[in-house]
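Chains as they are written, first to last, in UniProt numbering: chain P, 1 to 321; chain D, 1 to 321.
Number of protein chains: 2
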Amino acid sequence: MATLNDVAKRANVSKMTVSRAINHPEQVRPELRDSILHVMAELNYQPNAAARALVSRRTRVVKLTIFEDMDTTEPYYMMLLAGISNELNQHQYALQLATSNSYEVGECDGYILTGIRQKNYAWVEQLRQPVVFFGRNQQGYDYVDTNNYQAIQDSAGYAVQTGYTNLVFVGIAVDEPFETDREQGFRDFVTQTGVGARMIRLANHCHVATDYVRQHWREFPRNTAFICASDRLAIGIEDGVILQGGRVPDDYGIIGFDGVLLNQIASKRLTTMQQPLEAMGRAAARLLLANIAHPDTESQPHAQEKIIINSRLSISESTRA
Amino acid sequence: MATLNDVAKRANVSKMTVSRAINHPEQVRPELRDSILHVMAELNYQPNAAARALVSRRTRVVKLTIFEDMDTTEPYYMMLLAGISNELNQHQYALQLATSNSYEVGECDGYILTGIRQKNYAWVEQLRQPVVFFGRNQQGYDYVDTNNYQAIQDSAGYAVQTGYTNLVFVGIAVDEPFETDREQGFRDFVTQTGVGARMIRLANHCHVATDYVRQHWREFPRNTAFICASDRLAIGIEDGVILQGGRVPDDYGIIGFDGVLLNQIASKRLTTMQQPLEAMGRAAARLLLANIAHPDTESQPHAQEKIIINSRLSISESTRA
DNA sequence: CAAATTTATGCAATCGCTTGCAAAAGATTT
DNA sequence: AAATCTTTTGCAAGCGATTGCATAAATTTG
Chain P
1 MATLNDVAKR ANVSKMTVSR AINHPEQVRP ELRDSILHVM AELNYQPNAA
51 ARALVSRRTR VVKLTIFEDM DTTEPYYMML LAGISNELNQ HQYALQLATS
101 NSYEVGECDG YILTGIRQKN YAWVEQLRQP VVFFGRNQQG YDYVDTNNYQ
151 AIQDSAGYAV QTGYTNLVFV GIAVDEPFET DREQGFRDFV TQTGVGARMI
201 RLANHCHVAT DYVRQHWREF PRNTAFICAS DRLAIGIEDG VILQGGRVPD
251 DYGIIGFDGV LLNQIASKRL TTMQQPLEAM GRAAARLLLA NIAHPDTESQ
301 PHAQEKIIIN SRLSISESTR A
Chain D
1 MATLNDVAKR ANVSKMTVSR AINHPEQVRP ELRDSILHVM AELNYQPNAA
51 ARALVSRRTR VVKLTIFEDM DTTEPYYMML LAGISNELNQ HQYALQLATS
101 NSYEVGECDG YILTGIRQKN YAWVEQLRQP VVFFGRNQQG YDYVDTNNYQ
151 AIQDSAGYAV QTGYTNLVFV GIAVDEPFET DREQGFRDFV TQTGVGARMI
201 RLANHCHVAT DYVRQHWREF PRNTAFICAS DRLAIGIEDG VILQGGRVPD
251 DYGIIGFDGV LLNQIASKRL TTMQQPLEAM GRAAARLLLA NIAHPDTESQ
301 PHAQEKIIIN SRLSISESTR A
């Protein structure tokens, strides 16, 4: 591989000038700069990342750590990934992927964290680089999230508006902010409107939801709408309802959350609260890069930044029009 | 951060000894080594990856490049990812993720390539590091693949064996080896057994398959089995069949390929040819690491290595028992 | 027990690049 | 035209580790 020195010699300048032509183009005479760039292309010169990182203390790598033991069938992360990856690339940053198994491998300038649980915070605290979360947290870390509270109210509102008179919130059995926010949104909605309602919590698997419906079928009268905290639960609920002979959407409405299964399944046209995951990924990457570029100073400690990107209801065939 | 020098001083040795204690433990006196390790822990010393990479010319990074414009709802890649990631971590290698947009960002010791198309080979050829593919190729690159040819024969065989008398192969409309191998397997099976059969090719989306079934419903008599080249197509076909009033599996059988949707959907218990994706990911990582460790020499050029991991049929409710 | 051999440790150079300061060249002012 | 300021370029040092060779210590051998 050609080095900075090779380029310098060939262009009859010192390597410093070449270095500047790359990193601070405005500091070098335009014509000179062009001829240097030309030589660089000629030699197919690529700066050595390791050498750069060594002296500049910038790896130009961002690590995405997925905590939830990488649920390999969950498209959610893939969609975040796409957004993050695209944004980082625009800024010439590389994306490194880590899981619960690989905390320690490799270096980076900052972390994007997702699928995190309470038990993981101890690990997060000992990180020395900037951190951005997916999902609200009370520990003061910057985060990107969707409007969970309001989104559920919207879903519930839509269900009531289309004539369902009995609501069931089907939550995920975890005590994380994203879940409790949704539950609170639902609870407040019920209080405010006085609609008949109940809440259940299930493990986030289709068949669990299907089984639940089978076993508790009698408890769900006609005109019930299920407001679910994930598309998986929604799909499972729908299957259960259909298996019991319930008609969707005429007698039973089902609303999902996430919007990750839309393209996956043809006949299942699920009404769902769609998260703009690509945009959320991009936002997280941008936020992190900003934090990397402007590190906190002692005099001005870090103020938590929150970016909320609203989900919107995607209305389809599992609810009335 | 503590450096090698810091550790050396504290341990009263030269930094060389510390370096050896890390990289060639057998070369340093056991007791000395232990005390060095102790100091390292005390100072929370982590070797600087950049400095290491600079001199050793090893980044300890492997790049996974996904070519197919990252289809964000495709769990296939996530499952590969899990396998690759786990294997790499065991060897203290980091995984970097790249897409069609980000060919050039970041350095690595080798590439794992997936979702590749003919047009991408020009790019691949100019890579200087070892490469491992997912999927057969005739360009001489090492690869990991499943037994596409035989797998389809197994699927078809099972369909015939369970009494379906008419077979339809539903392929993906691309001219890549994985597809042509499957088609050839099907074609040969038909020739050998003389069973009634036909082949179609569709874009790999559920609704395309569903629409196709609707429009060509008359062409599919009872007792037809659809052998599909992906789970998506299978799901789409099944929906189409059901919408037309066909009974699954009594009158129509459906077999998928990949096995990525199994946990996703409860009532859709699809019979599918399950690829061992996690194992394939691990195998690819292992193969690549071996290639990195033992680079080709001039005297002994590279011989293509092929690793085939067999898929097996996972029998469920979309075919007869 | 001295010589030869093996095993452990240290020294110096180097990887490719960027930072801080200094010098040279060019432009502007008085 | 001398003095000052600004822009452009170069020099030297060093980031934190590893490689090759040299030296010191420990062990074996005749």
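Ideal Cβ placement from N, Cα and C applies to all residues, glycine included.
Please read all numbers here as calculations on a predicted model, not as lab measurements.
Query	Result
Check for me: the alpha helix (DSSP H) holding D/K306 runs from which residue to which?	Element bounds for D/K306: not the alpha helix (DSSP H) but the beta strand (DSSP E), 306 to 308.
From which residue to which residue does the beta strand (DSSP E) around residue 322 of chain D run?	This structure leaves residue 322 of chain D out entirely; chain D is present only between 1 and 321.
Put P/I315 into one of helix, strand or coil per three-state DSSP.	coil
So, at 6 Å on beta carbons, what are the nonlocal neighbours of P/F189 in its own chain, with the 5 sequence-adjacent residues on each side left out?	Q153, A156
D/Q184 touches chain P at which residues, Cβ-Cβ below 7 Å?	Ordered by position in chain P, no residue passes the 7 Å Cβ test against D/Q184, which lies about 28 Å from the chain.
To the nearest angstrom, how far is it from the Cα of D/A266 to the Cα of P/R117?	Confidence in D/A266 is poor, its pLDDT being 49 and thus under 50, which makes the residue's placement unreliable; the coordinate value appears in the next sentence. Taking the straight line joining both Cα atoms gives about 27 Å.
Looking at the unbroken alpha helix (DSSP H) that takes in D/G185, where does it start and where does it end?	177 to 193
Out of P/R20, P/A293, P/A284, which one is the CA nearest neighbour of P/K306?	P/A284
Within 10 angstroms of its Cβ, does D/F181 collect 16 or more other Cβ (buried), or is it exposed?	Checking the displayed sequence, the identity of residue 181 of chain D turns out to be Asp instead of Phe. Buried, by the Cβ-count rule.
Please state whether the Cβ-Cβ distance between P/L313 and P/Y158 is less than 8 Å.	yes
Counting only beta-carbon separations shorter than 8 Å, does D/Y77 have a partner in chain P?	yes
Are D/A234 and D/G256 close, meaning C-beta to C-beta below 8 Å?	yes
Can you tell me whether D/A266 is helix, strand or coil according to DSSP?	With a pLDDT of 49 at D/A266, under the threshold of 50, the modelled position of this residue cannot be trusted, and the question is left open.
Give a yes or no on whether 8 Å exceeds the smallest Cβ distance from D/S14 to chain P.	no
Within the same chain, show all residues whose beta-carbon is closer than 7 Å to that of P/N209, passing over the 5 residues directly before and after it, in chain order.	Reading off the sequence, residue 209 of chain P comes out as Ala, not Asn. Hits under 7 Å: V170, L202, L233, G236, I237, G240.
What residues in the segment 101 to 124 of chain D have a beta carbon less than 7 Å from any beta carbon of chain P?	N101, S102, V105, G106, E107
Alpha carbon to alpha carbon, how far is P/Q275 from P/S318? Give it in angstroms, no decimals.	18 Å
Counting only beta-carbon separations shorter than 8 Å, does P/Y252 have a partner in chain D?	no
What's the call for D/K63, buried or exposed, on a 16-neighbour Cβ count within 10 Å?	buried
Which stretch, first to last residue, makes up the alpha helix (DSSP H) that contains D/G83?	75 to 90
Fully enclosed by the UniProt domain "HTH lacI-type" (2 to 56) of chain D, which beta strand (DSSP E) runs are 3 residues long or longer?	none
Any beta-carbon of chain P closer than 8 Å to the one on D/L54?	yes
Does chain D have any CB closer than 8 Å to the CB of P/N5?	no
Strictly by DSSP, which residues pair up with D/G196?	D/N166
Would you decide whether D/R60 is buried or exposed? Buried here means 16 or more other CB atoms lie within 10 Å of its CB.	buried
I'd like to know whether the C-beta atoms of P/A229 and P/L167 end up nearer to each other than 8 Å.	no
Skipping 5 residues on each side, what residues in its chain have a beta carbon closer than 8 Å to that of D/I254?	A225, F226, C228, A234, I237, E238, V241, V248, L270, T271, S318, T319
Could you check where the beta strand (DSSP E) with D/L95 kicks off and where it finishes?	94 to 99
Between which two residues does the beta strand (DSSP E) containing D/I66 stretch?	61 to 66
Any beta carbon from chain P within less than 8 Å of D/V213's own beta carbon?	no
Counting only C-beta atoms, is D/V61 closer than 8 Å to chain P at any point?	yes
At 4 residues or longer, and completely inside the segment 195 to 242 of chain D: list those alpha helix (DSSP H) runs for me, N to C.	206 to 215
In this structure, how does DSSP classify residue 323 of chain P when only helix, strand and coil are distinguished?	Because chain P is modelled from 1 through 321, residue 323 of chain P falls outside the range shown and cannot be assessed.
Using 8 Å as the limit for Cβ to Cβ distance, is P/N310 near chain D?	no
Check for me: the alpha helix (DSSP H) holding P/D142 runs from which residue to which?	P/D142 -> not in any alpha helix (DSSP H); beta strand (DSSP E) instead, spanning 142 to 145.
Between the C-alpha atoms of D/C108 and P/A50, what's the straight-line distance to the nearest angstrom?	10 Å
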